[in-house]
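Encoded as structure tokens, the structure appears first; notes follow it.
Protein chains in written order, with our numbering: chain F, 8 to 338; chain L, 8 to 338.
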């Protein structure tokens with residue numbers, strides 16, 4: 008697993024440690040790899056797990072990483088949206104060249120065609136969108152409006168081509184914004200959508216510096232793990248030549264997020280959100296998305312599922328990250 | 008001009024020599040660059056034209072090429088479809104890395120933002136298409152089914168991103184198959200669509216080794232030059248963030264091409280076409296396209312125009328390449 012130190016990587020590793028099955032067979036071993044931090048090893052696994060620092064921008068390292076020919080590769084490693092926008096070179100180096108290094112290393116192994124689960128993003132889309140959001144379906148053009156989205160869309164195209172040529176067996180998941188994202192804010196421009204829920208629930212003031220009209224598409228960390236596991240096990244015959252697809256999600260504006268927070272946690276919690284003047288960089292990033300409610304028909308037909316309301320996303324966060332209680336208040 | 012030795016590059020150079028205006032101003036000079044052959048210099052130009060061999064896969068060479076800061080760059084250089092499919096590495100090296108080298112060289116020049124006209128291709132599309140071909144419009148997803156198409160779709164994404172970031176001012180043209188392509192067959196899998204017209208008209212037997220039901224979208228060499236000139240001069244304000252678009256074209260199956268040839272040139276000429284058993288490689292390539300009649304609404308609204316019937320394409324070829332006469336017969 009590449010990007011095993013990230014939030015989703017860690018959740019996925021914990022899940023695999025608890026339910027050590029993939030494709031109907033027991034997991035023999037797991038390697039957690041990350042360029043930035045040595046991934047934590049989840050406790051209680053019945054199979055060996057190793058954790059290491061390695062950088063996919065080093066093509067030799069990629070060769071070494073695939074030399075033990077894992078059957079499943081989860082490629083979650085990426086420079087996130089905000090950083091890919093502020094550091095043009097680094098975004099392309101990791102998100103494009105790194106991904107290509109990995110795919111090339113796999114191609115170089117003979118008679119080897121692992122299932123590669125690649126995390127793409129809803130940010131491969133960019134407006135203007137059709138008037139009816141159900142028309143932004145599986146055939147809607149990918150015209151990203153951020154460098155991150157462009158790099159991920161290129162990764163999807165490579166995934167298709169390497170799959171079509173038989174070098175690997177890819178599945179790409181256009182992930183909604185993961186919400187509520189636990190832990191500290193990261194450099195993803197989409198962090199704001201979680202910050203305004205997570206911080207108030209923890210009794211911490213948070214600044215809202217983008218417009219409340221911006222809309223987004225969301226799924227819980229639990230759903231993200233579910234998508235990844237489901238993608239790893241999907242029957243190749245159902246995939247065809249288009250290996251990436253938009254995952255289902257919950258559509259909401261920031262205003263609707265705040266209303267959900269009010270319903271779930273009350274006015275006292277909402278009062279921790281302080282509205283400020285828009286931050287031009289952040290506003291520009293979220294404006295580049297401002298997603299419609301993608302129907303995600305193809306993914307749903309293949310059995311990918313997620314939550315139905317934003318309230319559920321908040322409840323899930325309280326349950327899994329706050330032991331079921333909002334600090335300082337009885338639910 | 009990169010790819011200046013190719014068929015379209017040569018036609019464009021000849022046109023510019025005759026009509027030395029671009030963007031309402033006289034042309035001061037023209038550099039014709041090609042990796043494979045030293046481009047012919049058209050005669051009669053009122054401005055200096057240099058011709059040289061240079062390879063965009065050499066990033067230092069790209070730096071040198073843009074160091075004199077041309078106002079317009081026509082990037083026509085590419086490994087064509089058949090070769091990009093049979094030589095995976097070479098296709099990515101030239102079509103992806105070469106294009107990126109060029110864009111990076113432009114980005115490295117400070118306070119410089121040239122108009123870059125990039126030839127993409129209808130092969131960025133891949134089926135399945137919507138039932139109604141008018142639904143394969145400007146918002147239809149790009150999911151190529153050849154490595155060439157993938158490389159060109161990636162080039163389009165880079166063109167968008169580099170344009171959005173202000174590093175260059177790109178326009179990408181998804182060219183139909185150029186037909187009737189003069190000269191010798193090249194390694195483009197789309198060559199067959201021209202071969203079955205050009206060779207019989209010259210009194211030469213030609214083998215048809217793909218199904219007559221395959222459909223394609225066509226434009227004449229003259230239209231291709233028209234697209235390039237129009238793209239160079241297009242007002243940036245009309246372009247928005249989506250810098251590439253499908254060009255208008257004439258839709259026809261191979262069967263319809265042959266019917267048009269019969270109407271224009273008669274049964275004797277058609278008899279030079281010998282049908283053989285399908286060639287699996289060629290058939291697979293054309294099956295990967297099998298294009299619908301793209302409406303090309305956006306390009307048409309911006310003033311890009313082309314022929315209306317396949318008969319016209321044949322007449323144009325007879326006029327410009329055969330001095331208006333079919334050898335061995337009075338028209």
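Backbone N, C-alpha and C define an ideal beta-carbon position, used for all residues, glycine too.
Short check: CB of residue 250/F to CB of residue 335/F, under 7 angstroms? Here residue 250/F corresponds to residue number 243 of the first chain, with the count starting at 1. Here residue 335/F corresponds to residue number 328 of the first chain, with the count starting at 1. No; because the gap between Cβ atoms is not below 7 angstroms, this pair is not in contact.
Count the other C-beta atoms from every protein chain shown that fall within 10 angstroms of the C-beta of residue 36/F, then say buried if there are 16 or more, exposed otherwise. For this step, residue 36/F is matched to residue 29 along the first chain. The residue is exposed, with fewer than 16 neighbouring Cβ atoms inside 10 Å.
Return no unless some Cβ of chain L is closer than 7 angstroms to the Cβ of residue 157/F. The count along the first chain starts at 1 and reaches residue 157/F at position 150. Yes, residue 157/F counts as interfacial toward chain L.
Out of 202/L, 191/L, 258/L, 212/L, which one is the CA nearest neighbour of residue 220/L? As a position in the second chain, residue 220/L is number 213, starting the count at 1. When each option's Cα is compared against that of residue 220/L, the closest is 258/L.
Just checking my contact of residue 292/L with residue 153/L at CB under 8 angstroms: how many whole Å lie between their CB atoms? Position 285 of the second chain, counting from 1, holds the residue named residue 292/L. Position 146 of the second chain, counting from 1, holds the residue named residue 153/L. Correct: roughly 6 angstroms between the Cβ atoms.
Taking the C-alpha atoms as reference points, what is the distance between residue 277/L and residue 167/F? By 1-based counting over the second chain, the position of residue 277/L is 270. By 1-based counting over the first chain, the position of residue 167/F is 160. Straight-line Cα distance between these residues: approximately 40 angstroms.
Amino acids of chain F, ordered along the chain, whose beta-carbon sits closer than 7 angstroms to that of residue 168/L: In the second chain, the residue the question calls residue 168/L occupies position 161. By Cβ distance, chain F contributes 154, 157.
At a Cβ cut of 8 angstroms, what residues of the segment 70 to 103 of chain F count as close to chain L, listed as they run along the chain? 95
Within chain F, the residues that residue 299/L reaches when beta carbons sit closer than 9 angstroms: Along the second chain, one-based indexing puts residue 299/L at 292. Going along chain F, no residue has its Cβ under 9 angstroms from residue 299/L, so there is no contact; the nearest lies around 13 angstroms.
When the Cβ atoms of the segment 81 to 94 of chain L are set against those of the segment 44 to 59 of chain L, are three or more pairs found closer than 8 angstroms? no
Hey, how far is the Cα of residue 76/L from the Cα of residue 155/F? Residue 76/L sits at position 69 when you count from the first residue of the second chain. Residue 155/F sits at position 148 when you count from the first residue of the first chain. The straight-line gap from Cα to Cα measures roughly 28 angstroms.
What's the call for residue 32/L, buried or exposed, on a 16-neighbour Cβ count within 10 Å? What you label residue 32/L is simply residue 25 of the second chain in a count that begins at 1. Exposed: under 16 other Cβ atoms inside 10 Å.
Within 10 Å of its beta-carbon, does residue 88/F have 16 or more other beta-carbons around it, so buried, or fewer, so exposed? As a position in the first chain, residue 88/F is number 81, starting the count at 1. Under a 10 Å Cβ-count criterion, residue 88/F is classified as buried, with 16 or more other Cβ atoms of the shown protein chains found around its own Cβ.
Which residue comes first and which comes last in the beta strand (DSSP E) that contains residue 282/F? By 1-based counting over the first chain, the position of residue 282/F is 275. Its beta strand (DSSP E) spans residues 280 to 282.
Using 8 angstroms as the Cβ pair cut-off and three pairs as the minimum, do the segment 107 to 119 of chain F and the segment 68 to 86 of chain F touch? yes
Please name the residues in the segment 50 to 63 of chain L whose beta-carbon is closer than 7 angstroms to at least one beta-carbon of chain F, in chain order. For the segment 50 to 63 of chain L, the beta-carbon criterion of a distance under 7 angstroms to any beta-carbon of chain F is satisfied by none of its residues.
Taking the alpha-carbon positions, what's the residue 18/F to residue 229/F distance? Working through the first chain from its first residue, we reach residue 18/F at position 11. Working through the first chain from its first residue, we reach residue 229/F at position 222. Rounded to the nearest angstrom, the two C-alpha atoms are 8 angstroms apart.
In chain F, which residues lie less than 8 angstroms from residue 248/L when you measure between Cβ atoms? As a working note, residue 248/L is residue 241 in the second chain. Within chain F, the residues near residue 248/L are 133, 150, 152.
C-beta contact flag for residue 320/F and residue 326/F at 7 angstroms: The residue labelled residue 320/F in the question sits at position 313 within the first chain. The residue labelled residue 326/F in the question sits at position 319 within the first chain. No, these two residues do not count as a Cβ contact at 7 angstroms.
Proximity of residue 303/L and residue 255/L at Cβ, strictly below 7 angstroms: Against the second chain, residue 303/L aligns to sequence position 296. Against the second chain, residue 255/L aligns to sequence position 248. Cβ atoms of residue 303/L and residue 255/L: closer than 7 angstroms.
Chain F contacts made by the segment 301 to 333 of chain L, where a contact means CB separation under 9 angstroms: none
Would you mind telling me which residues of chain F sit closer than 7 angstroms to residue 161/L, beta carbon to beta carbon, in chain order? The residue labelled residue 161/L in the question sits at position 154 within the second chain. Result: 161, 164.
Report the neighbours of residue 147/F on chain L: residues whose CB is nearer than 9 angstroms to its CB, in chain order. As a position in the first chain, residue 147/F is number 140, starting the count at 1. Per Cβ cutoff of 9 angstroms: 146, 147, 148.
Given this structure, state the Cα-to-Cα distance separating residue 290/L from residue 223/F, to the nearest angstrom. On the second chain, residue 290/L is found 283 positions in, with the first residue counted as 1. On the first chain, residue 223/F is found 216 positions in, with the first residue counted as 1. Going by the C-alpha atoms only, they are around 43 angstroms apart.
Rounded straight-line distance, which links the Cα of residue 217/F to that of residue 267/L: Position 260 of the second chain, counted from the start, is the residue given in the question as residue 267/L. Position 210 of the first chain, counted from the start, is the residue given in the question as residue 217/F. Whole-angstrom Cα-Cα distance: 59 angstroms.
Going along chain L in order, which residues have a C-beta closer than 8 angstroms to the C-beta of residue 137/F? Reading the first chain from its first residue, position 130 is the one you call residue 137/F. In chain order: 146.
Just verifying my parser: in three-state terms, what is the DSSP assignment at residue 110/F? Within the first chain, the letter at position 103 stands for residue 110/F. Helix.
Just grab the DSSP bridge partners of residue 209/L for me. The sequence position of residue 209/L within the second chain is 202, counting from 1. Beta-bridge pairing links residue 209/L to no other residue.
Which value, in whole angstroms, describes the spacing of the CA atoms of residue 30/L and residue 247/L? Translated into positions along the second chain, residue 30/L becomes position 23. Translated into positions along the second chain, residue 247/L becomes position 240. A straight-line Cα-Cα distance of about 19 angstroms links residue 30/L and residue 247/L.
Three-way DSSP call (helix, strand, coil) for residue 89/F in this model: Taking the first chain and counting its residues from 1, the one referred to as residue 89/F is at position 82. Annotated three-state conformation of residue 89/F is helix, per DSSP.
State the beta-bridge partners of residue 59/L as determined by DSSP. The count along the second chain starts at 1 and reaches residue 59/L at position 52. Partner(s): 40/L.
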